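Peer 1: Read top to bottom, the protein sequences are chains E and W.
Residue 62 in the numbering used here sits at position 45 of the first sequence, and the numbers go up by one each step.
Residue 109 in the numbering used here sits at position 92 of the second sequence, and the numbers go up by one each step.
For every residue, glycine included, the Cβ atom is placed at its ideal position computed from N, Cα and C.
Source: prediction; values computed, not measured.
Would you mind keeping the following structure in view while I ask a few things?
There are 2 protein chains.
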Amino acid sequence: MKIEFWFDFASTYSYPTAMRIESLAASQNLEIVWRPFMLGAIFNRQGWNDSPFNIYSVKGEYMWRDLNRVCDDLQIPFFRPKIFPQNGLLPSRVATTFSEAPWVSSFIRSVYSANFEHNQDISSPEVIESCLNCSGEDVASIIKKANTEESKDRLRKQTEDAGKKGIFGAPSFCVGKELFWGNDRLERAIQWAADKKAQSIKPYSRD
Amino acid sequence: MKIEFWFDFASTYSYPTAMRIESLAASQNLEIVWRPFMLGAIFNRQGWNDSPFNIYSVKGEYMWRDLNRVCDDLQIPFFRPKIFPQNGLLPSRVATTFSEAPWVSSFIRSVYSANFEHNQDISSPEVIESCLNCSGEDVASIIKKANTEESKDRLRKQTEDAGKKGIFGAPSFCVGKELFWGNDRLERAIQWAADKKAQSIKPYSRD
């Protein structure tokens, strides 16, 4: 059974999800499908040209405090980035193009740490190159492939697909047609997928 | 130690919170301060003249599905009301005026059940009178007192207070100056209050 993880590298609550989804999914033998998308394009269609956490600053201030508490409870390091939201186009192209590479989950965690732990600029090629060191592959050729028109189109299409699935925020999770939104729904989505998986196992029969 | 429960009778996620907060708080010997307010007035200031779940319908459709799942997990009956958001002014005035009455928690649960289980009109005096049967007191005089100018002013002031505390949605919880938002933060808010309570108990000393 698969769980699709839809995320945006600028999204605050996607950070604690990205740091823990792999171990949670593994505990239920679930496969993660990594689905980066550009949440800003979805927001644009709702009439927002900035993060709603900036537009609605009272809610935004609450979010930073809440995220701090959430990360503290999960023992995940957190420092409020100076720039929010950051431009995650380059790492999104990398993660889309190489979504099935064995190193993609490590890369994704590195980019989130760069943003929400180390206050680094994730639109910088140097920062993303450094995040790609975990790949053990030739970093320059990864970046080159991520910047082809084909890769750009793939990310655009994936963002379109997010909209078609009714995704309006990040992180989101899809298990079949069932949609879950928010870091605080991660456990429920994992359980949903595990229940579906259990149902799909045919009972053993000697006959 | 006290936990303030800020709620709006039209608010969807306040429903599962209202149905379970009393037993959760009791398990930690916490006192609940019941704080109804008019969320619509807060939304108005953000430029919304309707629930954001109606304005942003994709998010709204997700919310109904999610609320259904949440209530199902908690074994709380749920039926999507035909009218949303309902006008909760009258029950809010009652709950504000009688926030310290021993029957207030039962009344609040009755109103939420009327809205989210029985699809009743909670702006109707007859419905609210029926919800007040749990009080064991003279219902007509309760309604009369709730409709005085003094009671109306009290609810207005309480809504102002919500805004001053940085409350932007419901349910919200305040433990001292710490703010929590959402049914999915109820357990964390209860734990926060319990931890504060434990810290406030002076160690016993023989000296």
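Using the beta-carbon of each residue, which ones in chain W are nearer than 7 Å to L41(E)?
Peer 2: Going along chain W, no residue has its Cβ under 7 Å from L41(E), so there is no contact; the nearest lies around 17 Å.
Peer 1: Hey, would you say F190(W) sits closer than 8 Å to A206(W), going by beta carbons?
Peer 2: It is a contact, given that the beta carbons lie within the stated cut-off.
Peer 1: Can you name, in chain order, every residue of its own chain whose Cβ lies under 6 Å from the Cβ of A211(E), other than the five neighbours on each side?
Peer 2: Excluding residues within five positions, the ones whose Cβ falls inside 6 Å are Q45.
Peer 1: For G105(E), collect the residues of the same chain with a Cβ closer than 7 Å to its Cβ; drop the 5 residues on either side in sequence, then sort them by chain order.
Peer 2: Cβ within range, chain order: D25, F26, A27 and I139.
Peer 1: Give me the residue from P98(W), K99(W), F124(W) and P119(W) with the minimum Cα distance to R110(W).
Peer 2: Answer by Cα proximity: F124(W).
Peer 1: Taking one C-beta from the stretch 155-169 of chain E and one from the stretch 126-141 of chain E each time, how about it: are there three or more such pairs within less than 8 Å?
Peer 2: Short answer: they don't touch.
Peer 1: Provide the residue(s) that pair with L196(E) in DSSP beta bridges, ordered along the chain.
Peer 2: Looking at the DSSP assignment, L196(E) forms a beta bridge with C191(E).
Peer 1: For F185(W), which three-state DSSP category applies?
Peer 2: Three-state result, F185(W): coil.
Peer 1: Is the separation between the beta-carbon of V50(W) and that of K19(W) shorter than 8 Å?
Peer 2: Their beta carbons are under 8 Å apart, which means V50(W) touches K19(W) by this criterion.
Peer 1: For G153(E), is the classification buried or exposed, using 16 other Cβ atoms within 10 angstroms of its Cβ as the cut-off for buried?
Peer 2: Flag for G153(E) reads exposed.
Peer 1: From this set, E134(W), A131(W), K181(W) and L149(W), which residue's C-alpha is nearest I59(W)'s C-alpha?
Peer 2: When each option's Cα is compared against that of I59(W), the closest is K181(W).
Peer 1: Looking at chain E, which residues of the stretch 171-186 of chain W have a Cβ within less than 9 Å of any of its Cβ atoms?
Peer 2: Of all residues in the stretch 171-186 of chain W, G180, G183, I184, F185 and G186 have a Cβ within less than 9 Å of some Cβ in chain E.
Peer 1: R52(E) and E21(E) look like a contact to me (Cβ under 8 Å); what is the Cβ gap, rounded to whole Å?
Peer 2: Yes, they are in contact, since the Cβ atoms of R52(E) and E21(E) sit about 5 Å apart, within 8 Å.
Peer 1: Tell me which residues share the same chain as I93(W) and place their Cβ nearer than 6 Å to its Cβ, disregarding the 5 neighbours each side in the sequence.
Peer 2: Excluding residues within five positions, the ones whose Cβ falls inside 6 Å are P33 and M36.
Peer 1: Strictly below 8 Å CB to CB, what residues from chain A border E146(W)?
Peer 2: The structure shown has no chain A; the protein chains it does contain are E and W.
Peer 1: Under 7 Å between beta-carbons, which chain W residues line up against L196(E)? List them in chain order, please.
Peer 2: Chain W residues near L196(E): Y79.
Peer 1: Taking 8 Å as the CB-CB limit, is V75(W) close to chain E?
Peer 2: Output row for V75(W): interface = yes.
Peer 1: Tell me the rounded alpha-carbon separation between E195(W) and G183(W).
Peer 2: Going by the C-alpha atoms only, they are around 10 Å apart.
Peer 1: Skipping 5 residues on each side, what residues in its chain have a beta carbon closer than 7 Å to that of E39(W)?
Peer 2: Excluding positions up to five away in sequence, the list reads I49 and S122.
Peer 1: Would you decide whether Y30(E) is buried or exposed? Buried here means 16 or more other CB atoms lie within 10 Å of its CB.
Peer 2: Burial call: buried.
Peer 1: Can you check whether the C-beta of Q63(E) is within less than 8 Å of a C-beta belonging to chain W?
Peer 2: Interface residue, yes.
Peer 1: Tell me the rounded alpha-carbon separation between F70(W) and F101(W).
Peer 2: Approximately 9 Å, taken between the alpha carbons.
Peer 1: What are the residues in the stretch 187-218 of chain W lying within 7 Å of chain E by C-beta distance?
Peer 2: The residues in question are L196, W198 and D201.
Peer 1: Is DSSP giving P102(W) helix, strand or coil here?
Peer 2: Looking at P102(W) - three-state DSSP - the assignment turns out to be coil, as it is neither helix nor strand.
Peer 1: Just the Cα atoms here: how many angstroms apart are L149(W) and A118(W)?
Peer 2: So the two alpha carbons sit approximately 12 Å from each other.
Peer 1: Just mark G199(W) as buried or exposed, buried being the case when its beta carbon has 16 or more other beta carbons within 10 Å.
Peer 2: So G199(W) counts as buried.
Peer 1: Judging by CA-CA distance, which residue of A42(W), K214(W), V87(W) and M55(W) is the nearest neighbour of R173(W)?
Peer 2: The candidate whose alpha carbon is nearest that of R173(W) is M55(W).
Peer 1: Write down the C-beta distance between P188(E) and W23(E) rounded to the nearest angstrom, noting that I regard them as a contact closer than 8 Å.
Peer 2: So it is a contact: roughly 7 Å between Cβ atoms.
Peer 1: Can you give the Cα-Cα distance for V192(E) and S141(E), rounded to whole angstroms?
Peer 2: Looking at the two C-alpha atoms, the distance is approximately 33 Å.
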